[in-house]
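Keeping their order, the protein sequence lines are chains A and B. This note's numbering applies: residue 1 is where the first sequence begins, and numbers increase by one. This note's numbering applies: residue 1001 is where the second sequence begins, and numbers increase by one.
Number of protein chains: 2
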Amino acid sequence: MESNWLTQPCAALNESSRDAALARQGQLTKPPGALGQLEAIAVQLAALQAAAQPQVERVHISVFAADHGVAAEGVSAFPQAVTAEMVRNFARGGAAISVMAKQLNATLEVINLGTVSVVEPLANVRDERINAGTANFAQGPAMTEAQLAQALQAGRAAVLRAKQNGAHLFIGGEMGIANTTAASAIACALLQTAPALLAGPGTGLDSNGVAHKARVIEQALAKHQLTQSDPLSVLRHVGGFEIAGLCGAYIAAAQQGLPVLVDGFISTVAALAAVRINPDVRNWLLFGHTSAEPGHQRVLAALDAQPVLQLGMRLGEGSGAAMAVHILQLACALHNGMATFAEAGVSEKD
Amino acid sequence: MESNWLTQPCAALNESSRDAALARQGQLTKPPGALGQLEAIAVQLAALQAAAQPQVERVHISVFAADHGVAAEGVSAFPQAVTAEMVRNFARGGAAISVMAKQLNATLEVINLGTVSVVEPLANVRDERINAGTANFAQGPAMTEAQLAQALQAGRAAVLRAKQNGAHLFIGGEMGIANTTAASAIACALLQTAPALLAGPGTGLDSNGVAHKARVIEQALAKHQLTQSDPLSVLRHVGGFEIAGLCGAYIAAAQQGLPVLVDGFISTVAALAAVRINPDVRNWLLFGHTSAEPGHQRVLAALDAQPVLQLGMRLGEGSGAAMAVHILQLACALHNGMATFAEAGVSEKD
C-alpha cells in the first residue's frame, strides 16, 4: 500500500483572516488581553478556517481501537479483553467519550483497527481490523510495512468522512490495552529520551509496574535500534495500529484544512510522529488537555504545545479533547458576538 | 438595616449522597481516578444537592455593578464612566458575560448598586442604587453601616430570586471601575499582607500605575487601622457596594443550600470576606478560574481553593466562572450517564 500521500503539502493558513481577527479582539468591549487564551484560540481558528467568524459547532470524533502484542509482557493494569469490551461500551453509549459526544452533539465513530477478538457488528463501529493486535514489539517489529500503511490510511479515511460531513473540528481518540507502553516507546525513540522519564502508570500500574514497563521499553529500543530521523520506522517497530491511525488522521486533517483538537498522552505522541513526518501539520493542531500521565508534558514541550485544560484526567478515548470543545465554542462566540467599543458606546482606556 | 442574618447557619451537606457518589465513581467504566478533578466535582455536587444524579442545568448569573470613590486617586486604566456604559452593554447583549450567558442558556441579571451616573431603565437591569458610588476610602470610610447592610442584603435578595427560579448553581459577577483596588485593600486587611504583594494591573495599569495603586492602598490601610478579625468593618471601610453584594450573596447561597461557582480575583475576595463572617460558607463554594490578576493566587490559597480553569482571563463580570459551567455539566453527565463495569460487561483491573 502506498504512503506517498503523507508528505504532500498541508493547507495554508489565511493570514489576512488572522490579522482581521487580531484587530477585532482589540476592539471588543474588554481590556486588551482580558480574555487570555480565548483570544489566541479565536484568532488561530479564524486563520485556520479563513473566516471572520470562526466556529466549532460540528465536531467529528473518531476513536481508533486496537490491541497490542506487548500486552503479553505484563505492562498494563487491565486485561487485554478490555479493548474489545470497551468497543462495545463505546457503541452502546456507556463510555466516557460516548456520554461526552452526546452532550456535545458531536459525531462519534469507532474504528476497530485490530482487537484480538472479533467484535460482532455494532452501530457506529467500523470493522477495519488489520490483524488480531500488533505483534509483541519486545520480540520483533509491531507491524509490517503494509500494516502500517493500512493503519495510516484508515486515519486519513476517517478525516475524509469528517470533511465530507462538514466538520469544523476533528478529534481523534484511542483505546487499546498496553498502548501507553507503545506510545512511550515511540516518544523515547523520537525524543531520544530514557524510558524511565517517559513511562508512567497508564491505567494504574504501581511503581514496580512502571519500572517493569520502562525496562520492557528499554530492551525493545535496544533491540530495534531506531533513529529519530525515521518516524515511520519508529511507528512500525514499536507503535500500534490505533496510534498510526491517529498519526495518519492528523496529517490528512492538515492537508484537508480541518483543525484538530489533540487529546492526551497517546494522541500527542501520534501528533509528534505526524509532525516529524510532515512538519506543517503542527499549524493545524490545538491541544485539549494536559494528561496526568507524567510523560505527556515532555511530549507537549517538544511540540511547543499548551493545552487548554488541566483537569488531572488520564483516560484517553478523546475525552480530554472533548472536555475542551466548549471552551473553543465560547472563544468563538465571544469573538463573533461581543460588541466593539464603538458599537456599545463604551469609553476606551485613558 | 439588620444584618443578623449573616451568621445564621449554612445548609448541611448530605454525607450519604457523597458516599454513594464516591462509590459510583469507582464502578464506572474507567480506571479509578482517570477522570481527575471531574470525579471530585461530581461527588461534591452530589453532596451539596443531596442527589444521586447531580445537575447544573439551570444557572443563575447576577452581575453586581457599582462605582468607587477611590477611582479619584487615579488607580484605574479606564475612566469611571465605563461602569455605567458597561451596565448598558450587559443589558444589550454586547458584553462577554452577556454572550456567555446566552450560550449557556443561563439567567443573567444585572444589579446596579451604585453607578455614579443614573442609568435609564433597561431590561434585565435592576436599579438598586445605594449611592452615586462609594466614598473615596483614601479619605474616609467607603460606606456607612446602613449602606453596607443594604449591599449585603441586595446580594441575599439575588440568591433568593435564583432559588425561587430553581437554579442549580449561582454565579456572581461584578463590574466597577477601580474595584481591583478595593478588592486588594480588603484582601490586604483580611490576610495581613502588604499591598505590593496583592495590587496588580487590573484592567491594564503599567508598573508605575501598579506601584501608585499599592501606595494608595497602603496609606488607606494605615489610616483606617483595620483588623482581620472584623471582616464587616473591613468591607465597610475599603470595600465596594458590588463586593459587599457578592459577599452577601455567597453567605445567603450557603444558607439556602445553593452551590456557588466563584469567579476571579474580586469575587474570590468577596468569598474570603464571606467565609470570615460565616466559615461554613466555604463548603458551598466551587471556583471557576484562576485569574491572571496576580493577587488571585494568594486569596485562593487562603481559601484552599483550586479553580477548574486557568485560561489567563482577567475580565471579571462572572466570565471566568461562566467558562467553567460546561466542565461542571460534563462532570455531572459522566457521573450520571456512564455505564458501570457490571452494566457494560467490562473486565475490571487485574
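Where is the CB? At the ideal position from N, CA and C, for every residue including glycine. Just so it is clear, the structure is predicted and the values come from calculations on it, not from any experiment.
Residue i, DSSP secondary structure in three states
i	result
H1060 (chain B)	strand
T340 (chain A)	strand
H1360 (chain B)	Missing from the structure shown is residue 1360 (chain B); chain B here goes from 1001 to 1350 and no further.
D19 (chain A)	helix
E1174 (chain B)	strand
L328 (chain A)	helix
A1106 (chain B)	coil
H296 (chain A)	helix
E1078 (chain B)	It is Phe, not Glu, that sits at residue 1078 (chain B) in the sequence shown. Three-state DSSP puts F1078 (chain B) in coil, outside helix and strand.
G209 (chain A)	helix
R126 (chain A)	strand
V1116 (chain B)	coil
A66 (chain A)	strand
F1287 (chain B)	strand
L1035 (chain B)	coil
V262 (chain A)	strand
L1013 (chain B)	coil
L303 (chain A)	coil
L1152 (chain B)	helix
L315 (chain A)	coil
L226 (chain A)	coil
For residue i, the nearest candidate out of the options (CA to CA)
i	options	result
I327 (chain A)	A:V110, A:L35, A:A305	A:L35
H289 (chain A)	A:A273, A:G264, A:M338	A:G264
A214 (chain A)	A:A189, A:Q192, A:S184, A:V234	A:S184
I1217 (chain B)	B:A1322, B:H1237, B:A1040, B:L1048	B:H1237
A47 (chain A)	A:V118, A:A21, A:A66, A:A254	A:A21
A178 (chain A)	A:T340, A:L258, A:G316	A:G316
G345 (chain A)	B:L1258, B:R1092, B:V1043	B:R1092
A1162 (chain B)	B:A1194, B:A1252, B:A1220	B:A1252
D350 (chain A)	B:V1308, B:A1132, B:D1206	B:D1206
V1099 (chain B)	A:E120, A:A132, A:K30, A:K102	A:K30
A1321 (chain B)	B:T1007, B:T1083, B:V1056	B:V1056
Q1008 (chain B)	B:A1254, B:F1341, B:P1294	B:A1254
L6 (chain A)	A:S291, A:A274, A:Q306	A:A274
A167 (chain A)	A:G257, A:L311, A:S229	A:G257
L1148 (chain B)	B:D1304, B:P1307, B:A1331, B:N1004	B:N1004
A220 (chain A)	A:I243, A:I186, A:L303	A:I186
E109 (chain A)	A:S347, A:V325, A:H335, A:G318	A:G318
P1231 (chain B)	B:A1270, B:E1242, B:V1210, B:G1176	B:A1270
C1332 (chain B)	B:P1054, B:R1024, B:R1018	B:P1054
G1176 (chain B)	B:G1033, B:Q1080, B:A1011	B:Q1080
L191 (chain A)	A:S229, A:E174, A:E343	A:S229
A1132 (chain B)	B:L1309, B:A1071, B:R1156, B:A1101	B:A1071
G172 (chain A)	A:G33, A:L303, A:S267	A:S267
I1130 (chain B)	B:E1120, B:E1343, B:N1014, B:E1242	B:E1242
Inter-residue CB distance, residue i and residue j (contact presumed, cutoff 8 Å)
i	j	result
L1137 (chain B)	G1069 (chain B)	It should be pointed out that residue 1137 (chain B) corresponds to Phe in this sequence rather than to Leu. The Cβ separation is near 7 Å, so the contact holds.
V159 (chain A)	A249 (chain A)	5 Å
G204 (chain A)	T180 (chain A)	Not a contact, Cβ separation roughly 11 Å.
V1125 (chain B)	V1087 (chain B)	6 Å
L272 (chain A)	V299 (chain A)	6 Å
M1313 (chain B)	A1292 (chain B)	7 Å
A189 (chain A)	L226 (chain A)	4 Å
G74 (chain A)	H212 (chain A)	7 Å
V43 (chain A)	F170 (chain A)	20 Å between Cβ atoms; not a contact.
What are the residues in the region 1074-1087 of chain B lying within 7 Å of chain A by C-beta distance? Per Cβ criterion, the list reads A1077, F1078, P1079, A1081, V1082, E1085, M1086.
Quick one, which residues of the region 83-112 of chain A are near chain B if we go by CB-CB under 9 Å, in chain order? Along the region 83-112 of chain A, the positions whose C-beta sits under 9 Å from a C-beta of chain B are E85, M86, R88, N89, R92, G93, G94, A95, A96, S98, V99, M100, K102, Q103, L104, read in chain order.
Members of the region 15-34 of chain A that neighbour chain B once the beta carbon cut-off is set at 9 Å: Taken in chain order, the members of the region 15-34 of chain A whose beta-carbon sits within less than 9 Å of a beta-carbon on chain B are L28, T29, K30, P31, P32, G33, A34.
For the region 1118-1149 of chain B, enumerate the residues whose C-beta is nearer than 9 Å to any C-beta of chain A, in chain order. Those would be none; no residue qualifies.
Which residues of the region 243-258 of chain A have a Cβ closer than 8 Å to any Cβ of chain B? Give them in chain order. Under the 8 Å Cβ criterion, the region 243-258 of chain A contributes no residue.
Contact set between the region 1316-1327 of chain B and chain A, restricted to residues whose Cβ is under 7 Å from the partner: Per Cβ criterion, the list reads M1323, H1326, I1327.
Which residues, in chain order, does the region 1282-1314 of chain B contribute to contact with chain A at a C-beta distance below 8 Å? Closer than 8 Å at the C-beta level to chain A, one finds these residues of the region 1282-1314 of chain B: A1292, V1308, L1309, Q1310, L1311, G1312, M1313, R1314.
Do the region 1272-1285 of chain B and the region 1058-1067 of chain B make contact, defined as three or more Cβ pairs closer than 8 Å? No, the region 1272-1285 of chain B is not in contact with the region 1058-1067 of chain B.
Flag this pair as touching only if the region 1052-1061 of chain B and the region 1136-1152 of chain B have three or more C-beta atom pairs under 8 Å; answer yes or no. Result no; under three Cβ-Cβ pairs closer than 8 Å.
Chain-ordered residues of the region 55-75 of chain A with a beta carbon less than 8 Å from chain B: So nothing in the stretch comes that close.
Of the residues that make up the region 1336-1349 of chain B, which ones have a beta carbon closer than 7 Å to any beta carbon in chain A? Under the 7 Å Cβ criterion, the region 1336-1349 of chain B contributes G1337, M1338, A1339, E1343, A1344, G1345, V1346, S1347, K1349.
Count Cβ pairs between the region 26-43 of chain A and the region 139-157 of chain A that sit closer than 8 Å; are there 3 or more? The region 26-43 of chain A makes no contact with the region 139-157 of chain A: fewer than 3 CB pairs, one atom from each, lie closer than 8 Å.
Between the region 1104-1114 of chain B and the region 336-343 of chain A, are three or more C-beta pairs nearer than 8 Å? Judged by Cβ distances under 8 Å, the region 1104-1114 of chain B makes no contact with the region 336-343 of chain A, as fewer than three pairs qualify.
Against chain A, which members of the region 1200-1220 of chain B pass a CB distance test of less than 7 Å? If you check each beta-carbon in the region 1200-1220 of chain B against every beta-carbon of chain A, the ones closer than 7 Å belong to T1203, G1204.
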